[in-house]
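Worksheet for the structure shown next.
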């Protein structure tokens with residue numbers, strides 16, 4: 009499998025339900041489609057210590073880190089400072105952003121608050137993209153993305169275009185049985201081939217048309233197909249509704 013990623017959704021507004029988070033879901037979906045495993049997703053407030061703590065944990069689990077939010081010009085935008093602390097680097101001004109902000113004011117005095125947009129951990133770089141209004145701010149393999157969902161998705165797409173992944177193959181068995189009836193077969197299969205992902209998901213919706221959905225995942229189609237065949241043969245034949 010390719011190297012793993014982790015995500016940090018940053019913002020008091022998410023933790024207080026003022027805003028319903030969309031960026032975490034987008035990150036999960038985009039990484040999965042790209043074939044990059046997600047090792048963890050953290051939701052933290054606009055607090056430097058909390059962000060640093062989450063970043064340190066994320067960096068122990070993954071080599072690619074994506075943050076969402078906290079990179080604007082207001083008092084609660086503390087992500088840059090927190091990332092710099094976590095990486096033990098000073099905060100510097102990026103000349104490209106300083107020029108862009110200065111040009112936007114057309115020769116008028118530039119407020120100090122506006123220049124906060126140019127702050128970045130030392131060693132950062134900007135990643136441009138043809139569909140981007142603003143370039144991606146990256147520091148090593150840590151990507152600081154905006155909290156606005158539309159901007160977040162556009163910048164995430166730009167980053168992922170430059171990363172390699174190995175998409176996972178998934179197949180599903182739909183069953184009319186209770187989970188405890190399936191557990192012995194699933195336990196034995198998972199123990200025999202732990203590198204193949206086997207998931208069991210019950211539903212209590214009578215309109216679903218099944219009781220349990222079992223998924224099998226791996227990067228190799230042949231191994232997924234072989235595991236599906238094994239499970240279909242070993243599970244109660246009367247329980248199997250269909251295989252996708």
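Numbering (my numbering), first residue to last: 9 to 252.
Cβ atoms here follow ideal geometry from the backbone N, Cα and C, with glycine treated the same way.
What you are looking at is a predicted structure, and each value in this text was computed from that prediction instead of being measured.
- By the Cβ rule, the stretch 183–199 counts as touching the stretch 243–250, because three or more pairs are nearer than 8 Å.
- When C-alpha distances from residue 185 are compared across 176, 214, 172, the shortest belongs to 214.
- When beta bridges are read from the DSSP output, residue 177 appears opposite 226.
- Across the structure, residue 140 and residue 169 are spaced so that their CA atoms are roughly 13 Å apart.
- Note: residue 210 is bridge-paired with 220 in the DSSP secondary-structure output.
- At the C-beta level, residue 231 and residue 201 come within 9 Å of one another.
- Per DSSP, residue 28 lies in no beta strand (DSSP E) segment and is marked neither H nor E.
- Residue 250 is bridged by DSSP to 182.
- Taking the CA atoms as reference points, residue 109 sits about 50 Å from residue 207.
- Residue 74 holds the alpha-carbon nearest to the alpha-carbon of residue 151 among 17, 74, 16.
- The stretch 59–68 makes contact with the stretch 85–101; the number of CB pairs closer than 8 Å reaches 3 or more.
- DSSP places residue 75 within a strand segment (E or B) once states are collapsed to three.
- Straight through space, the alpha carbons of residue 15 and residue 233 are spaced by roughly 31 Å.
- Taken through DSSP and simplified to helix, strand or coil, residue 50 comes out as strand.
- Burial of residue 147 is indicated by the presence of at least 16 other C-beta atoms within 10 angstroms of its C-beta.
- A Cβ-Cβ separation of about 6 Å places residue 125 in contact with residue 81 under the 8 Å criterion.
- Less than 9 Å divides the Cβ of residue 135 from the Cβ of residue 166.
- When C-alpha distances from residue 221 are compared across 229, 173, 155, 178, the shortest belongs to 178.
- Beta-bridge annotation (DSSP): residue 99 is paired with 129.
- The C-alpha of residue 161 lies about 12 Å from the C-alpha of residue 137.
- With 16 or more other Cβ atoms from the protein chains shown falling within 10 Å of its own Cβ, residue 218 counts as buried.
- The beta carbons of residue 13 and residue 71 sit closer together than 9 Å.
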